[in-house]
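Read the structure below first, then the notes.
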Amino acid sequence: MDSFHGFGLAAPLNAALAKLGYARPTPIQAQAIPPLMKGRDLVGIAQTGTGKTAAFALPILHRLVTDRRPAPRSGARVLVLSPTRELASQIAQSFRDLSDGLGLKIAVVFGGVPHGAQIRALQAGLDVLVATPGRLLDHLDAGVARLGAVEFLVLDEVDQMLDLGFIKPIRRIVRELPKRRQNLFFSATMPTDIRALAGELLHDPIEVSVTPAAKPADRVEHSVVLIEAAKKRDLLVELFNDSELTRVIVFTRTKHGADRVARALDEAGVNASAIHGNKSQGQRERALAAFRGGETRALVATDIAARGIDIDGVSHVVNFELPEVAEAYVHRIGRTARAGNAGQAISLCDHEERDLLRAIERLTRLNLPKTDRRGAAGPRPAPLVRKAASAAAPAPQPKRSFHAPHQARGGRPVASEPGHRPGFRTGPARLGREVKGRR
Ligand code: AMP
Numbered sequence: 014m015d016s017f018h019g020f021g022l023a024a025p026l027n028a029a030l031a032k033l034g035y036a037r038p039t040p041i042q043a044q045a046i047p048p049l050m051k052g053r054d055l056v057g058i059a060q061t062g063t064g065k066t067a068a069f070a071l072p073i074l075h076r077l078v079t080d081r082r083p084a085p086r087s088g089a090r091v092l093v094l095s096p097t098r099e100l101a102s103q104i105a106q107s108f109r110d111l112s113d114g115l116g117l118k119i120a121v122v123f124g125g126v127p128h129g130a131q132i133r134a135l136q137a138g139l140d141v142l143v144a145t146p147g148r149l150l151d152h153l154d155a156g157v158a159r160l161g162a163v164e165f166l167v168l169d170e171v172d173q174m175l176d177l178g179f180i181k182p183i184r185r186i187v188r189e190l191p192k193r194r195q196n197l198f199f200s201a202t203m204p205t206d207i208r209a210l211a212g213e214l215l216h217d218p219i220e221v222s223v224t225p226a227a228k229p230a231d232r233v234e235h236s237v238v239l240i241e242a243a244k245k246r247d248l249l250v251e252l253f254n255d256s257e258l259t260r261v262i263v264f265t266r267t268k269h270g271a272d273r274v275a276r277a278l279d280e281a282g283v284n285a286s287a288i289h290g291n292k293s294q295g296q297r298e299r300a301l302a303a304f305r306g307g308e309t310r311a312l313v314a315t316d317i318a319a320r321g322i323d324i325d326g327v328s329h330v331v332n333f334e335l336p337e338v339a340e341a342y343v344h345r346i347g348r349t350a351r352a353g354n355a356g357q358a359i360s361l362c363d364h365e366e367r368d369l370l371r372a373i374e375r376l377t378r379l380n381l382p383k384t385d386r387r388g389a390a391g392p393r394p395a396p397l398v399r400k401a402a403s404a405a406a407p408a409p410q411p412k413r414s415f416h417a418p419h420q421a422r423g424g425r426p427v428a429s430e431p432g433h434r435p436g437f438r439t440g441p442a443r444l445g446r447e448v449k450g451r452r
């Protein structure tokens, strides 16, 4: 399908698509929209950045438009569950953009903000309710929300919802729904427990997958710098000397780590702000707006805070610390290389993180090129080591499925020998070029 017109979507939706500049369906849209228009349940294996939101929003909106009914009081015709408030807000915004001018009632419900406005929106009745499971459960328990009129249930980023411990709220919410409904289930990964949940909640689903699930990963240039933990902050500041790092998301493992890193960057003259679960909604929104608007060059985030954030033009993702769970690497790098652009991912890896790095390489089936900065003492370049590092770091093997266990793997990546490292200092620009040159 190389145009949206073949789907038979209601005319106002085609008009909205034209206005948004979506000329062609993305692969997940091409695969998912036709069965969804026929009323099928669907399991979609796709991550953020693939266009999955429009893949589920368009057929749902088509139904709302062609089968208009009053919005049910205290409830909604469509319930979308999302792991984070940022993602929930973005999904609601996509529904609004795609139904521009149609007067549908769309609201978001999530924690960390007062209940009042949400209660009023629910009481008035909604066409589309996008919610995080915890707060929706509060409203159910308080008798404010009733879900007996739900026609569509969308579970988005199910893997993340389960990581966040939302399984019980999800089951509880599903018990409130009518048996007859259309179910849409999206997850970036599909381990056994998630597949089992899909089997439990869905009826004869069609499965669509945009594997290699990590399409953006193919367009990302990956690099790893081996470095002592204590030197990471200086190295990070040094990376920012490269003017190519225009809009950078820096990932840390902890909230405090995010604050510390943002402070260190600020002190070094790099405008940065942190977002994580301890920040108020207002602080998060201001930080995101400043980053989107280019006032801050770096957004320092934890995995959960960054999940689902849709910001175009992120030039680099820097993993200040590697994630504990390899899948999170894929989610992190999905923040760059969006909408067809290229992007770079730089990971700072200390000795303790070598196992995490190996897990990432196993999952992505990539040999990530490495530069050894351990023991780096001064700015004097040492060509010997640079050569050693280049020779020892095989080019990544792009264009391979993340989920193709049968594919042979290239030789193990090797970093330069620890004992073999006079004061080599890779300038940040050089780091970028070095990686590019090798591919
Ligand atoms: P998603 O995976 O739903 O988060 O979408 C990622 C980005 O792609 C969003 O910024 C969408 O606005 C954009 N997008 C979705 N579908 C299309 C399309 N068919 N053509 C162009 N951009 C799209």
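Heads up, the sequence shown is in the working numbering, so the first residue is 14 and it goes up one at a time. Ideal Cβ placement from N, Cα and C applies to all residues, glycine included.
Any contact between the stretch 56-65 and the stretch 81-92? By contact I mean 3 or more CB pairs, one from each, below 8 Å.
At 8 Å Cβ cutoff, the stretches do not touch.
Just to check, is the beta-carbon of ARG37 closer than 7 Å to a non-hydrogen atom of the ligand AMP?
Position 24 of the sequence shown, counted from the start, is the residue given in the question as residue 37. Yes, the ligand AMP has a heavy atom inside 7 Å of this Cβ.
Would you call the stretch 335-347 and the stretch 200-216 in contact, with 3 or more CB pairs under 8 Å?
Yes: the two stretches touch, three or more of their Cβ pairs being nearer than 8 Å.
Checking 8 Å against the spacing of the C-beta atoms, do ALA68 and ILE41 come in under that value?
For the purposes of this step, residue 68 is taken as the residue at position 55 of the sequence shown. For the purposes of this step, residue 41 is taken as the residue at position 28 of the sequence shown. Going by C-beta atoms, ALA68 is nearer than 8 Å to ILE41.
Count Cβ pairs between the stretch 231-239 and the stretch 371-385 that sit closer than 8 Å; are there 3 or more?
The answer is yes - the stretch 371-385 touches the stretch 231-239, with three or more Cβ pairs under 8 Å.
My parser needs the alpha helix (DSSP H) runs of 4 or more residues fully inside the stretch 15-55; what are they?
The qualifying runs are 24-33, 40-50.
Verify whether the separation of the beta carbon atoms of VAL143 and SER95 is less than 8 Å.
Numbered from 1 along the sequence shown, position 130 holds the residue referred to as residue 143. Numbered from 1 along the sequence shown, position 82 holds the residue referred to as residue 95. Cβ atoms of VAL143 and SER95: closer than 8 Å.
In angstroms with no decimal places, state the Cα-to-Cα distance between ASP247 and MET174.
Residue numbering aside, residue 247 sits at position 234 when the sequence shown is read from its first letter. Residue numbering aside, residue 174 sits at position 161 when the sequence shown is read from its first letter. Near 35 Å, if we compare the C-alpha coordinates of MET174 and ASP247.
Could you tell me if the beta carbon of GLY62 falls within a distance shorter than 7 Å of some heavy atom in the ligand AMP?
In the sequence shown, the residue the question calls residue 62 occupies position 49. GLY62: yes, Cβ under 7 Å from the ligand AMP.
Kindly indicate which three-state DSSP category GLU430 falls into: helix, strand or coil?
Walking along the sequence shown from the start, residue 430 turns up at place 417. A caution first: GLU430 carries a pLDDT of 28, below 50, which makes its placement in the model too unreliable to give a value.
Here's the rule: buried if 16 or more other CB atoms are within 10 angstroms of the residue's CB, otherwise exposed. What is GLY295?
Your numbering for residue 295 matches position 282 in the sequence shown. GLY295 should be labelled exposed.
LEU166 and ARG194 look like a contact to me (Cβ under 8 Å); what is the Cβ gap, rounded to whole Å?
Translated into positions along the sequence shown, residue 166 becomes position 153. Translated into positions along the sequence shown, residue 194 becomes position 181. Contact flag correct, Cβ pair sits at about 6 Å.
Just mark SER112 as buried or exposed, buried being the case when its beta carbon has 16 or more other beta carbons within 10 Å.
Translated into positions along the sequence shown, residue 112 becomes position 99. That one is buried.
Using only the alpha-carbon positions, how far apart do HIS18 and ASN27 sit?
Translated into the one-based positions of the sequence shown, residue 18 becomes position 5. Translated into the one-based positions of the sequence shown, residue 27 becomes position 14. Straight-line Cα distance between these residues: approximately 7 Å.
Under 7 Å from any heavy atom of the ligand AMP, does the C-beta of ALA67 make it?
Counting from 1 along the sequence shown, the entry for residue 67 is found at position 54. Yes; taking the cut-off as 7 Å, the Cβ of ALA67 has a heavy atom of the ligand AMP nearer than that.
So within the stretch 73-139, which uninterrupted alpha helix (DSSP H) runs reach at least 4 residues, ignoring any that extend past its ends?
Correct list: 98-111, 129-137.
Should ASP113 be counted as a contact of the ligand COA given a C-beta to heavy atom distance under 7 Å?
The model on display carries the ligand AMP but not the ligand COA.
What is the residue span of the alpha helix (DSSP H) that LEU376 lies within?
Within the sequence shown, residue 376 is the residue found at index 363, counting from 1. Note, LEU376: alpha helix (DSSP H), 367-377.
Considering only their Cβ atoms, is the gap separating ALA311 from ILE288 smaller than 8 Å?
In the sequence shown, the residue the question calls residue 288 occupies position 275. In the sequence shown, the residue the question calls residue 311 occupies position 298. No.
Mapping the DSSP letters down to three states, classify THR202 as helix, strand or coil.
The residue labelled residue 202 in the question sits at position 189 within the sequence shown. Three-state result, THR202: coil.
Are there 16 or more other CB atoms within 10 angstroms of the CB of THR79, so buried, or fewer, so exposed?
Residue numbering aside, residue 79 sits at position 66 when the sequence shown is read from its first letter. Label assigned to THR79: exposed.
Cutting at 6 Å between CB atoms, please list the residues of its own chain near LEU397, excluding the five before and the five after it.
Within the sequence shown, numbered from 1, the residue matching residue 397 stands at position 384. At LEU397, the pLDDT of 28 sits below 50, so the modelled position is not reliable; the number obtained from the coordinates is stated separately. Answer for LEU397: no residue qualifies.
Just to check, is the beta-carbon of ASP42 closer than 7 Å to a non-hydrogen atom of the ligand AMP?
Stepping through the sequence shown from its first residue, residue 42 is reached at position 29. It should be noted that the sequence gives Gln, not Asp, for residue 42. Indeed, a heavy atom of the ligand AMP lies less than 7 Å from the Cβ.
Given a cut-off of 8 Å on the beta-carbon distance, is the pair LYS268 and THR315 in contact?
Taking the first residue of the sequence shown as 1, we reach residue 268 at position 255. Taking the first residue of the sequence shown as 1, we reach residue 315 at position 302. Yes, the pair counts as a contact, with Cβ atoms nearer than the cut-off.
Enumerate in chain order the residues of its own chain whose CB-to-CB distance from ARG386 is below 7 Å, with the five nearest sequence positions on each side excluded.
Residue 386 sits at position 373 when you count from the first residue of the sequence shown. VAL238, LEU239, ILE240, LEU248, THR439.
Restricting to Cα atoms, I'd like to know which of LYS244, GLN44, GLU99 is closest to ARG299.
Against the sequence shown, residue 299 aligns to sequence position 286. Closest by alpha carbon: GLU99.
Is it right to say GLY391 is buried, meaning 16 or more other beta carbons lie within 10 angstroms of its own, or is it exposed?
Position 378 of the sequence shown, counted from the first residue, corresponds to residue 391. In this prediction, GLY391 has a pLDDT of 46, which is less than 50 and means its spatial position is unreliable; nothing more can be read from the coordinates.
Quick check on DSSP: helix, strand or coil for LYS412?
For this step, residue 412 is matched to residue 399 along the sequence shown. The pLDDT assigned to LYS412 is 32, lower than 50, so where the model puts this residue is not dependable; a value taken from the coordinates is nonetheless given after this. DSSP places LYS412 in coil when its eight states are reduced to three.
Report the option in ARG260, ARG297, LEU252, LEU301 whose CA atom is closest to the CA atom of ALA281.
Here residue 281 refers to the residue found at position 268 of the sequence shown. The shortest Cα separation from ALA281 among ARG260, ARG297, LEU252, LEU301 belongs to LEU252.
Only counting the same chain, and skipping five residues up and downstream in sequence, which positions put a Cβ closer than 6 Å to that of ALA277?
Working through the sequence shown from its first residue, we reach residue 277 at position 264. ARG246, listed in sequence order.
Evaluate GLN136 with the Cβ neighbour count: other Cβ atoms within 10 Å of its Cβ, from every protein chain shown; 16 or more gives buried, anything less gives exposed.
As a working mapping, residue 136 is identified with position 123 in the sequence shown. GLN136 comes out exposed.
Would you say the beta carbon of ASP172 comes nearer than 7 Å to a heavy atom of the ligand AMP?
In the sequence shown, residue 172 corresponds to position 159, counting from 1. No, the beta carbon of ASP172 sits no closer than 7 Å to any heavy atom of the ligand AMP.
Counting only the same chain and skipping the five closest in sequence on each side, list residues whose C-beta sits under 7 Å from that of ASP217.
Taking the sequence shown and counting its residues from 1, the one referred to as residue 217 is at position 204. If we look at ASP217 and ignore the five residues flanking it on each side, its Cβ neighbours are ASP54.
Hey, would you say ALA242 sits closer than 8 Å to ASP363, going by beta carbons?
Walking along the sequence shown from the start, residue 242 turns up at place 229. Walking along the sequence shown from the start, residue 363 turns up at place 350. Going by C-beta atoms, ALA242 is nearer than 8 Å to ASP363.
Keeping to the same chain, check which residues put their C-beta closer than 6 Å to that of LEU376; ignore five residues upstream and five downstream.
If you number the sequence shown from 1, residue 376 lands on position 363. ALA339, listed in sequence order.
Ordered along the chain, which non-local residues of its own chain (more than five positions away) have a Cβ less than 6 Å from that of GLN131?
Here residue 131 refers to the residue found at position 118 of the sequence shown. The answer, listed in chain order, is VAL122.
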